[in-house]
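Going by my numbering, 181 is the number at position 200 of the sequence shown; the sequence numbering is gapless. Think of the CB as a built atom: it goes at the ideal place given N, C-alpha and C, for glycine as much as any other residue. Working notes, beginning with the structure itself.
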Amino acid sequence: MPDSSRPKDTDPGGAKSIASEPRTAALQWPRVTRRGFLYSAGAAAGLAATSLPVEAAPAADERAAAEATAASTVPISLKVNGRRYDLKVDTRLTLLDALRETLGLAGTKKGCDRGQCGACTVLVDDRRVNACLALAVMVQGTEIVTIEGLGTRGTLHPVQAAFLKHDAFQCGYCTPGQICSAVAVVGEIRAQFPSAVTKDVRLPLGEIDADEIRERMSGNICRCGAYQNIVSAVDAVLKGTT
Ligand code: FES
Ligand code: FES
-18 MPDSSRPKDT DPGGAKSIAS EPRTAALQWP RVTRRGFLYS AGAAAGLAAT SLPVEAAPAA
42 DERAAAEATA ASTVPISLKV NGRRYDLKVD TRLTLLDALR ETLGLAGTKK GCDRGQCGAC
102 TVLVDDRRVN ACLALAVMVQ GTEIVTIEGL GTRGTLHPVQ AAFLKHDAFQ CGYCTPGQIC
162 SAVAVVGEIR AQFPSAVTKD VRLPLGEIDA DEIRERMSGN ICRCGAYQNI VSAVDAVLKG
222 TT
């Protein structure tokens, strides 16, 4: 009995024609080329990227970040090298970044930015401080002195003059911190502050030897290794022979 569900074989080509039709139809029906697929996939992705929920998220984040920054900004007043500066700063701003980035006093150097090298040493009320470890908001009401405030073009500070005379630097990157530290060291010795190598803290300091100077300057690292001449320069200042 003939199967009426099958297409009628009216083609003289017979079996060959019937077998090839479905395969051709299967290939043509979606009418999707690889390039077309990539175009449509790209368009769909673009549409998704511009849809509202996805776009709104970063805008909200940016607004929240701006509000948080505004909330952590405070007015402060700093006195640096005898000059007063009224600033609005983030409470997290370090003294080092306030000096270098906000006030443009780039003589103070950033080495490690974590209290290990001493390149950022400045004087705060005559005491040496690693500016990378102090927040700008902490030093309001103090006298801050940086390398720019120690001497003038025509008149060097005695420690600056001694560093020049004794060739106490090579590349010079650590030098502003070394000089600020040395200024404080000389002040500490003259004020009879003992150090970790002072033999008897109950007695006056007496003569300061190279070990004492090395210990007191040990917070300042010199990658060029100019230590011997740095000690000579500090020694000359202490003896007044610069
Ligand atoms: S930069 Fe401050 S100690 Fe190194
Ligand atoms: S002179 Fe170069 S790091 Fe000290």
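Once DSSP output is grouped into helix, strand and coil, what is the label at residue 111?
strand
Residue range of the unbroken alpha helix (DSSP H) whose run includes residue 146
139 to 146
Backbone CA spacing between residue 81 and residue 178 [nearest angstrom]:
34 Å
Distance check for residue 210 and residue 50, CA to CA, integer angstroms please.
46 Å
Would you call residue 97 buried or exposed, if buried means 16 or more other Cβ atoms sit within 10 Å of its Cβ?
exposed
Closest to residue 145 by C-alpha separation, out of 215, 170 and 94, would be which residue?
215
Looking at C-alpha atoms only, which residue of 223, 222, 207 and 47 is the closest neighbour of residue 151?
207
By how many angstroms is the C-alpha of residue 193 removed from the C-alpha of residue 92?
25 Å
With a Cβ-Cβ cutoff of 8 Å, do residue 140 and residue 125 count as a contact?
no
Is DSSP giving residue 124 helix, strand or coil here?
strand
According to DSSP, simplified to helix, strand and coil, what is residue 104?
strand
Please determine whether the Cβ atom of residue 154 lies at a distance below 7 Å from any heavy atom of ligand 2.
yes
Name, in chain order, the residues that DSSP records as bridge partners for residue 58.
67
Which of the three DSSP states, helix, strand or coil, is assigned to residue 50?
helix
Take every Cβ of the stretch 189 to 205, pair it with every Cβ of the stretch 116 to 133, and state whether three or more of those distances are shorter than 8 Å.
no
I'd like to confirm the pairing. Which residues does DSSP put opposite residue 116 in its beta bridges?
75
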